[in-house]
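Residue numbers (mature numbering (1 follows the signal peptide of the UniProt record, and there is no 0)): -18 to -1, 1 to 162.
Below you'll find the structure, written out as structure tokens, and then a few comments.
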């Protein structure tokens, strides 16, 4: 019930600001995939995790195998569970020159204010960006397998491929749809 009320509230807020929920979903999808891709790339390629059976063998050792953590199902699942929380780091804005809707990360990875903030007009957001997190969570739930497979397979430009071509959240036509 709370999800329905939040969904209606989010839709009304978006309608008041003059941009479509489809446009916002597209931006949220791309930002979320970029956040996950950055996290994947930051992992030490030598890091390994043990997978498989967790039973002790006759010799007293585990019978699992070591696999790279980078792009593992475990890493991608963890990222899918935590990425939407990062939407609170973003604000809606319109570029000053084109008036195009964008999601702007307030702080860079170095911990300083984003220098692009001078090129945009921030949009006042009465829900304190809860709708960005809501959209992110709904995208992760609806397209979980597609996102997981796309990140695991190391696609070229994963944000565009997943959000435009595969899930069509960004409005590509059906004849341009790409299969994994």
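Here a beta-carbon is modelled for each residue, glycine too, at the ideal position from N, C-alpha and C.
Next on the checklist: Is residue 75 a contact residue of the ligand HEM, with contact defined as CB to any heavy atom under 7 Å?
Outcome noted: The ligand HEM is not part of the structure shown, which contains no ligands of any sort.
Checklist entry - Are the Cβ atoms of residue 89 and residue 71 separated by less than 8 Å? => result Yes, they are a contact pair.
Next on the checklist: By the three-class DSSP mapping on this structure, what secondary structure does residue 134 have?
Outcome noted: DSSP places residue 134 in helix when its eight states are reduced to three.
Item to check | 8 Å contact criterion, which residue 134 and residue 59 should meet: CB distance rounded | outcome: With a Cβ gap of about 10 Å, residue 134 and residue 59 do not count as contacting.
Checklist entry - For residue 103, which residues from the same chain have a beta carbon less than 7 Å from its beta carbon, with the 5 sequence-adjacent residues on both sides left out? => result Excluding sequence neighbours, residue 103 sits near 75, 76 and 78.
Checklist entry - Can you give the Cα-Cα distance for residue 16 and residue 45, rounded to whole angstroms? => result For residue 16 and residue 45, the distance between alpha carbons rounds to 36 Å.
Next on the checklist: The alpha helix (DSSP H) that contains residue 117, what's its start and end?
Outcome noted: Counting along the chain, the alpha helix (DSSP H) containing residue 117 begins and ends at 112 to 124.
Item to check | Three-pair Cβ contact test at 8 Å for the stretch 3 to 17 versus the stretch 89 to 99 | outcome: No: fewer than three Cβ pairs fall under 8 Å.
Checklist entry - Do three or more CB pairs link the stretch 28 to 40 to the stretch 106 to 124 at distances below 8 Å? => result No: fewer than three Cβ pairs fall under 8 Å.
Item to check | Straight-line Cα distance separating residue 51 from residue 165 | outcome: An answer regarding residue 165 cannot be provided, because it is not within the stretch -18 to 162 covered by the chain.
Checklist entry - Can residue 115 and residue 145 be called in contact, C-beta distance under 8 Å? => result Not closer than 8 Å, so no.
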